[in-house]
Each structure stands twice: as C-alpha cells, then as structure tokens.
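Residue numbering for the sequence shown follows UniProt numbering, beginning at 1 and increasing consecutively. Below is one structure, written out as structure tokens; the observations come after it.
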Amino acid sequence: MTKRLYIETVGCQMNVLDSEMVVANLRQHGYEVVQSTEDADVLLYNSCSVRQMAEEKIYSAVGEVKRIKEAHPDRVVGIMGCMAQKDQAKIFDRAPHVDLVIGPGQLHQIPDLIQQVRAGSGPQVMVSLGRKEGTQEDIRRSHETFDPLRDPSMRPTPFQAYLRIQIGCDKFCTYCVVPMTRGPEQGRRPSEILLEAQTLADQGCKEITLLGQTVNSYKYSEDGTTTRLADLLRSLHEIDGIERLKFVTNYPKDMTEDLLRTVHELPKCSPYLHVPAQSGSDEILKRMKRGYTIADYRAMMERIHKFLPEASVSSDFIVGFCGETEEQFQMTMDLVREYRYKNSFIFQYSVREGTKANERLEDDIPLEVKKRRNNDLLNLQNEVCLEDNQRFVGETVQVLVEGPSKKSIKNGDDGPVVQMTGRTHCDRIVVFDGNRRQAGQMMDIVVREALCHTLIGTVHTKHLGPQVFQLA
Ligand code: SF4
1 MTKRLYIETV GCQMNVLDSE MVVANLRQHG YEVVQSTEDA DVLLYNSCSV RQMAEEKIYS
61 AVGEVKRIKE AHPDRVVGIM GCMAQKDQAK IFDRAPHVDL VIGPGQLHQI PDLIQQVRAG
121 SGPQVMVSLG RKEGTQEDIR RSHETFDPLR DPSMRPTPFQ AYLRIQIGCD KFCTYCVVPM
181 TRGPEQGRRP SEILLEAQTL ADQGCKEITL LGQTVNSYKY SEDGTTTRLA DLLRSLHEID
241 GIERLKFVTN YPKDMTEDLL RTVHELPKCS PYLHVPAQSG SDEILKRMKR GYTIADYRAM
301 MERIHKFLPE ASVSSDFIVG FCGETEEQFQ MTMDLVREYR YKNSFIFQYS VREGTKANER
361 LEDDIPLEVK KRRNNDLLNL QNEVCLEDNQ RFVGETVQVL VEGPSKKSIK NGDDGPVVQM
421 TGRTHCDRIV VFDGNRRQAG QMMDIVVREA LCHTLIGTVH TKHLGPQVFQ LA
C-alpha cells in the first residue's frame, strides 16, 4: 500500500539536499509525496538552528499539526535537521505530539525509525555524538553522509542539483552552531562524488552546485594522495552533459590561487564566488573568531580580481554582533562600498545556545539598533546592485532557463507565453517572456532593463536579433 509523506524544509541548501535524499529513500519504501498535511501518514519537518526565527518557524508549523495527530494517533510526526541535533529530547517538552527527533547525521535511519514508532516503541530520538562525547573517530563516524540517492522530482528544477562534497565544520566561529549540529569537517570520497555527478548528468542535470560549509577547504586523502576542490572541479568538468559548476559556501582564507586559476581555466566553472566577510572590522572578526583580518580578506579579493576579473562576488554579513560600535558597523558599510558585492545576505545577530558567543560575550546591541543597521546595510547593498546591474543593459547574456518566474506562477499564467526566469553564469537572475518548453535550455537574452535583483530581457535569436513575444 502506498504511504503518504509530507515534508517541509527551512534553512540552507544543505537542508534542501537532505530533504531530497530523505524523499528518495522513503520512495524506495513505498512512500509518495503529498502537498497537504491533512493527507499525510508521515509528516517531517527539516529544521534549521542558525537563528531563533528559523526554530520558531518549525515549532509553529509542528504546532499546527497537533490537532491532526490528536485525531489520528497513527500518523507519525518528526523533526529532523540541525534543531533536532541541538535540542534532542528537549523538543518533546515543547511539542509532546512529536514522535521522531533525527539529527542531520542520522537521516538514513528514518524508514526504520518510522517503523519503530508504528510498532508501538514510542517516541524515538536518533542523533549523532556531540563534539565532546567520544573519540574524534567515533564522533566523525556518528555523522554519516547520506548522499547516494537522488530524486529529481524533489529538486527546484530537474536540470539543477546540489551535490554535497563535505559535511561538518571545524572553524568554530563563535556565533555559529553548525560545528555542533553537523559535526567535524569531513570531505566525501572523490570517487563517490564523481559517481553521483554522473548519476545527476544521466538524469538530465546541467548545473551542479557543490555544497560544503567551507567548500573550498575540501580535501580528501587516500593512498598518499590528497584531492582538493580544484582537483575535483577538473574531474567533474569532464562529465558530458554537465554545463555549469558552482560551489558554495567559501571560506576567505582557503580561496587559494590554485583554486582561482582552476576556475579561470575551466569554462564550465561559474565566475561566481560566495565568500562571506561577515564584518568589516578586525575587532569584530576577532570576536567572531573568523580566523582572518580585513587585510587577509583584501588579499583574497586581489587574488580573485587577478584570476577572475569578471567574477561576481557575494557575501554574508552579521550586524549587531556583541559589542559592535557604530564605527565598526561603518567599516562593514565601507567594505560593501569598496567591493560592490553582487548581493549580500544580511542577518541581525541572534544569540544561539551552545556557541562560544553565548557563553563568553554579551548580546548587548539593542534590537532597534540591529534593525537599523540591517536596513542601512541592505539599502546600501541594494543601491550597489541597481547601479552594477545597469551595465548589463543592451548586453546579450546566456542564461540557463529555470522555468516560469515567481510572478508568473503567482499570477497562475497558463497561456502559451509566460514570463520565464533563468540565471547567468555569474548567477544573475534574468526574466523574459518565453514559453515553458524553454526550461532547461541555455538561451541568449538581450537585457533591456535592470532592476535591483533582476535583469529583464528579450530572447535573442542569432539571425533575427531580439524576439518580442506578445503576451496573450
Ligand atoms: S565557517 Fe563559521 S559560520 Fe561557517 S559553518 Fe563553520 S563555524 Fe559556522
């Protein structure tokens, strides 16, 4: 009998990928995915712990299905992901109707755990060892990667996929829970990664984004040979069908000349680098224990400009970190002015249990100051985006077409001509009037207008020039 699975995901690309794997695994156990909580036999919530707001979102979603669980006690409700690893059985205090708590290193166990709940064994908690709960080797082994299964139906588009090359993190930035929730940094074996990339190419995938918490720190040693990200990119570049390779998220100090030269030499590698700076102040970087100074960051940007002068660079910033003065915040503003990021993800600092910042530093910046700094930085970044996007007007850019745009989906457009969306090699979003059959194709688009986060264009055909589709 087919069983029905409802799954909801918050958080980063790692979580999106984890959910894809869990769905692929459960499909092999006879499950189909449903879109409504009412229709599901199993309800899974893939959680994030990076900010309090993300945790609240999951508790709220899980709270909403309490009445379903009360009316149908045989239904199974589970919380997986980083919050599950961090809070473990404490989750039952706040959400007693939950049956399953599963850390990100234990996702392969989900089918068995569901069976155990069904068999009457009561609530189940399956998490990995904490960073002080065993030998290095035991801790590493308790965070298992879970990657061989791929399910194109769960991806945002069938021709774009994430591919995990690394799990965990050993950087221990003072504000971050990831080293605790996802465990020690471990590179996956290159042969497994290549096999998985080949599977993705066979499924029609054209663009692969390699994932790691500090993806450019990737290394794997075997039989006296160490493989680094640059080596991996060279091997992946050989796979027929794969047309674009991206990698996120990068750690500034590991952005080596060798890696940048490799990206320059391999045409399939996107000239797009996400390298979070987090702050423009040395003092704040030190308090965050980021492991680099602004001088180091500048040296990295010089390396990027030397090898990839056309690359677009994006960043993350935390505003209102413990003790951040107005002057230190202005240094962050100056960094954005100087490097003119393609885009930045800006976050107000939120204290996280289990982190060094929580233990040792005071979260002393008032909420309204954090909000104002957030707005100031966002406004500046938006100005930069708008100005820089103007230079594309009149240019022809090649995009990988992803499908109908958000606007088109929201409007319920179903005519022959719809607004489509695609991305350039340097990760800029381009919308144009086209048709659904173009999804998955590489197309040339002439840009005729630039907005802050989007370029608006027209399909370009070689002999005829720009083609204007009339909306019905
Ligand atoms: S590098 Fe720092 S911010 Fe990134 S995952 Fe590791 S500890 Fe967290």
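Glycine included, C-beta positions come from ideal geometry on N, C-alpha and C. None of these values were measured; they are calculated from a predicted model.
> Would residue 473 be called buried (16 or more neighbouring beta carbons within 10 Å of its own) or exposed?
Replying inline: Any question about residue 473 goes unanswered here, given that the chain covers just 1 to 472.
> If you draw a straight line from the alpha carbon of L335 to that of Y349, how long is it in whole angstroms?
Replying inline: 18 Å
>> So L273 and A299 are supposed to be a Cβ contact under 8 Å. How far apart are they, rounded?
In response: Not quite, the Cβ-Cβ distance comes to about 15 Å (not below 8 Å), so this is no contact.
> So, using beta-carbon positions, are I284 and Q330 closer together than 7 Å?
Replying inline: no
> What whole-angstrom Cβ distance do P276 and S217 have, given they're in contact under 8 Å?
Replying inline: The pair is not a contact, with the Cβ atoms about 13 Å apart (cut-off 8 Å).
> So what does DSSP say about Y349, is it helix, strand or coil?
Replying inline: coil
> With 16 as the cutoff for other CB atoms within 10 Å, does N343 come out buried or exposed?
Replying inline: buried
>> So, with DSSP's three-state summary, where would you put A161?
In response: strand
> Between G30, G422, G120 and V125, which lies nearest to H453 when the distance is taken from Cα to Cα?
Replying inline: G422
>> Suppose the cutoff is 8 Å on Cβ atoms and the five residues either side in sequence are ignored; what does the same chain contact list for I239 look like?
In response: L194, A197, Q198 and A201
>> Give me, in chain order, the residues of the same chain whose beta-carbon lies closer than 8 Å to that of L471; leave out the 5 immediate sequence neighbours on both sides.
In response: Because L471 sits at a pLDDT of 38, beneath the cut-off of 50, its placement in the model cannot be relied upon, and the following sentence gives the value as read from the coordinates. The answer, listed in chain order, is G415, V417 and D433.
> If we ignore side chains and look at the alpha-carbon of each, how far apart do P123 and V16 end up?
Replying inline: 25 Å
> L378 to G11, Cα distance in whole Å?
Replying inline: 20 Å
> How many Å lie between F347 and D223 at the Cα?
Replying inline: 43 Å
> Relative to the C-alpha of A54, which residue among H29, I68 and M83 is closest?
Replying inline: M83
> Mapping DSSP to helix, strand and coil, what is R428?
Replying inline: coil
>> On the criterion of 16 or more Cβ atoms from any shown chain inside 10 Å, does V468 qualify as buried, or is it exposed?
In response: Legend: pLDDT at V468 = 49, less than 50; position of this residue unreliable, value from coordinates given subsequently. V468 comes out exposed.
> What is the residue span of the beta strand (DSSP E) that N411 lies within?
Replying inline: Element bounds for N411: not the beta strand (DSSP E) but the alpha helix (DSSP H), K406 to N411.
> Can you find a heavy atom of ligand 1 that lies under 6 Å from the Cβ of P179?
Replying inline: yes
> Name the DSSP bridge partner or partners of C269?
Replying inline: L245
> When DSSP labels each residue in this structure, what does Q330 get in the three-state scheme?
Replying inline: helix
> Less than 7 Å separating the beta-carbons of residue 486 and V401?
Replying inline: No statement about residue 486 is possible, as the shown extent of the chain runs from 1 to 472 and does not include it.
> By how many angstroms is the C-alpha of E32 removed from the C-alpha of T2?
Replying inline: 7 Å
>> Is any non-hydrogen atom of ligand 1 found closer than 6 Å to the C-beta of K86, if you look at the structure I gave you?
In response: no
> How would you write the range of the beta strand (DSSP E) that K69 sits in, first residue to last?
Replying inline: Note, K69: premise wrong, no beta strand (DSSP E); alpha helix (DSSP H) at K66 to A71.
> Can you tell me whether I365 is buried or exposed, with buried defined as 16 or more other CB within 10 angstroms of its CB?
Replying inline: buried
> If you draw a straight line from the alpha carbon of K206 to that of R428, how long is it in whole angstroms?
Replying inline: 17 Å
>> Can you tell me whether K171 sits near ligand 1, meaning its C-beta is under 6 Å from at least one heavy atom of the ligand?
In response: yes
> Looking at C-alpha atoms only, which residue of V399, T262, K69 and F317 is the closest neighbour of Q278?
Replying inline: F317
>> On a Cα-Cα basis, can you pick out the residue from V248, R234 and P190 that is closest to V221?
In response: The question names Val, but residue 221 is Ser in the sequence shown. Among V248, R234 and P190, the Cα nearest to that of S221 is on P190.
> CB of C176 to nearest heavy atom of ligand 1: below 6 Å?
Replying inline: yes
> Taking contact to mean at least 3 C-beta pairs separated by less than 8 Å, is the stretch 29 to 44 in contact with the stretch 123 to 139?
Replying inline: no
> In chain order, what residues of the same chain have a beta carbon less than 7 Å from the beta carbon of N435, not counting five sequence neighbours either side?
Replying inline: P416, V417 and V418
> Does the beta-carbon of G457 have 16 or more other beta-carbons within 10 angstroms, so that it is buried, or is it exposed?
Replying inline: buried
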